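Residue numbers (our numbering): 1 to 97.
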Amino acid sequence: MNIFVARLNYDTQAGDLRYAFEEFGEVNSAKVITDHYTGQSKGYGFVEMPNDSEAREAIAELNDEYLDGRTIVVKKANPRNSRSSNTYSSTYSGSSY
DNA sequence: GGTGAGCGC
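Shown next as structure tokens:
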């Protein structure tokens with residue numbers, strides 16, 4: 001499940017996100033959006049977790065929690081814009097409980 | 001060098 005994390009501390013790195021989410025479950029990959037020129041994080045990132053159950057728990061627990069001293073927002077991530085506009089995906093992200 | 005409401009290459 002793709003997870004969207006916002007309002008991160010500008011000093012927070014992808015490794016910090018992965019470490020925080022690994023506490024709740026297995027983290028497939030974590031990434032923080034940073035500028036390529038300045039290397040400064042934009043304040044939000046994405047975390048991908050293979051287990052949907054653990055992902056929901058991580059979202060519920062880490063949402064509106066303190067990370068690196070800042071309140072962060074954890075929500076489901078929207079499907080990234082594909083190069084070709086295909087019809088709706090066969091599966092809706094996190095719509096099935 | 002600092003900010004903040006947001007979806008990545």
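Cβ atoms here follow ideal geometry from the backbone N, Cα and C, with glycine treated the same way.
These numbers were taken from a predicted model, which means no experiment stands behind them.
According to DSSP, which residues form a beta bridge with K102?
For the chain, the structure presents residues 1 to 97; residue 102 sits outside this window and is missing.
Would M49 and F21 be called neighbours here (beta carbons separated by less than 8 Å)?
Contact: yes.
Name the DSSP bridge partner or partners of S41?
Its beta-bridge partners are T34.
From which residue to which residue does the alpha helix (DSSP H) around E22 run?
Its alpha helix (DSSP H) spans residues 14–22.
Specify the secondary structure class of E26 as computed by DSSP and reduced to three states.
In the three-state scheme derived from DSSP, where H, G and I count as helix and E and B as strand, E26 is classed as coil.
With H, G and I counted as helix, E and B as strand and the rest as coil, what does DSSP make of R80?
Here R80 sits in coil by DSSP.
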